[in-house]
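Working notes, beginning with the structure itself.
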Amino acid sequence: KAGVTQTPRYLIKTRGQQVTLSCSPISGHRSVSWYQQTPGQGLQFLFEYFSETQRNKGNFPGRFSGRQFSNSRSEMNVSTLELGDSALYLCASSLGGWGLAGTYEQYFGPGTRLTVT
Amino acid sequence: AQSVTQLDSQVPVFEEAPVELRCNYSSSVSVYLFWYVQYPNQGLQLLLKYLSGSTLVKGINGFEAEFNKSQTSFHLRKPSVHISDTAEYFCAVSEGAPQGGSEKLVFGKGTKLTVNP
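Below, the structure is given as structure tokens:
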């Protein structure tokens with residue numbers, strides 16, 4: 002079974018631009034979460050989608066948004082990029098719904114490294 | 002909100018020595034606890050998890066962790082480390098468990114384990 006894939010793996014953008022990152026979960030997984038990883042702040046939760054609905058959202062400005070499609074693939078978008086948005090963005094998928102098949106395991110993709118100049 | 006504290010940011014050890022990576026969490030309710038490992042330029046891989054039951058949890062690659070509710074700790078141990086264990090290790094707590102709903106993970110800042118020959 003293929004793992005979580007994220008595209009692109011590396012991205013360089015300029016301040017003020019916008020960017021869209023993509024995440025394809027493991028087949029059969031319905032939950033997708035996004036995390037931002039930086040040296041200073043560590044791993045921070047961005048948002049979580051389950052069956053196309055945002056189920057939780059972290060403490061990030063409205064410039065950060067996401068969505069999930071009917072095939073569970075997810076995208077996140079960052080508008081008006083700032084230098085501080087430079088980070089590794091990690092996507093994780095799981096079966097979804099505590100109590101559904103009960104593994105409670107999130108599988109992470111390799112991440113997209115975004116550099117804002 | 003829950004928080005996770007990893008007491009050591011860096012832990013250097015010699016090959017074949019035992020190691021313990023410390024993790025404390027703050028929560029007044031039941032939680033699910035996880036340890037993840039991140040190798041350079043990769044995503045996170047689940048080492049082990051505590052959901053309920055036995056407080057001693059065994060994971061992959063010879064790692065184990067002990068859940069201590071009274072001390073709100075979940076320390077990770079390995080009796081004999083290898084060079085290949087050099088990586089960053091993250092402790093995480095599930096904020097939504099076990100009540101259901103969101104699968105958001107709250108991570109500690111990470112511990113960089115360096116195994117020297």
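These protein sequence lines map, in sequence, to chains A and B.
Using the working numbering, the first residue of the first sequence is number 2, and each one after it goes up by one.
Using the working numbering, the first residue of the second sequence is number 2, and each one after it goes up by one.
Each residue gets a CB set at the ideal place from its N, CA and C atoms; glycine is no exception.
Please read all numbers here as calculations on a predicted model, not as lab measurements.
Is the distance from the Cβ of L47 (chain B) to the Cβ of F35 (chain B) below 8 Å?
yes
Could one say the Cβ of S4 (chain B) lies closer than 8 Å to chain A's Cβ atoms, at least one of them?
It does not; no Cβ of chain A falls within 8 Å.
Need the endpoints of the beta strand (DSSP E) that T8 (chain A) sits in, please.
Element bounds for T8 (chain A): 6-8.
Quick check: is the beta carbon of F91 (chain B) nearer than 8 Å to any beta carbon in chain C?
Absent here is chain C; the protein component of the structure consists of chains A and B.
Where does T6 (chain B) sit, in a helix, a strand or coil, going by DSSP?
strand
Rounded to the nearest angstrom, how far is the Cβ of A88 (chain B) from that of V38 (chain B), given a contact under 8 Å?
5 Å
Classify P118 (chain B) as buried or exposed, calling it buried when 16 or more other Cβ atoms lie within 10 Å of its own Cβ.
exposed
Who are the Cβ neighbours of Q37 (chain A) in its own chain at under 7 Å, not counting the five residues just before and after it?
Q45, L47, A88, Y90
Determine, using beta carbons only, whether V5 (chain A) and S94 (chain A) come nearer to each other than 8 Å.
yes
Classify T113 (chain A) as buried or exposed, calling it buried when 16 or more other Cβ atoms lie within 10 Å of its own Cβ.
buried
Under 8 Å between C-beta atoms, does R31 (chain A) make it to chain B?
By this cut-off, R31 (chain A) is not an interface position.
Return yes when the Cβ of Q3 (chain B) is within less than 8 Å of the Cβ of Y26 (chain B), no when it is not.
yes
Are the CB atoms of N78 (chain A) and G67 (chain A) within a distance shorter than 8 Å?
yes
Quick one: which residues of the stretch 37-66 of chain A get their C-beta closer than 7 Å to a C-beta of chain B? List them in chain order.
G43, L44, F46, E49, R56, N57
Does any residue of chain A have a CB that is nearer than 8 Å to the CB of F108 (chain B)?
It does; some Cβ of chain A falls within 8 Å.
Using a Cβ-Cβ distance under 8 Å, would S103 (chain B) count as near chain A?
Judged by the 8 Å Cβ criterion, S103 (chain B) is in contact with chain A.
Using a Cβ-Cβ cut-off of 8 Å, state whether K59 (chain B) counts as contacting chain A.
No, K59 (chain B) does not count as interfacial toward chain A.
Short of 8 Å in beta carbon distance, which residues of its chain neighbour R16 (chain A), apart from the five on each side in sequence? Order them along the chain.
L82, E83, L84, V117, T118
Between which two residues does the beta strand (DSSP E) containing Y40 (chain B) stretch?
Element bounds for Y40 (chain B): n/a, residue is neither H nor E.
Quick check on the DSSP output: the beta strand (DSSP E) that includes R114 (chain A) runs from which residue to which?
113-117
Is the distance from the Cβ of G43 (chain A) to the Cβ of K105 (chain B) below 8 Å?
no
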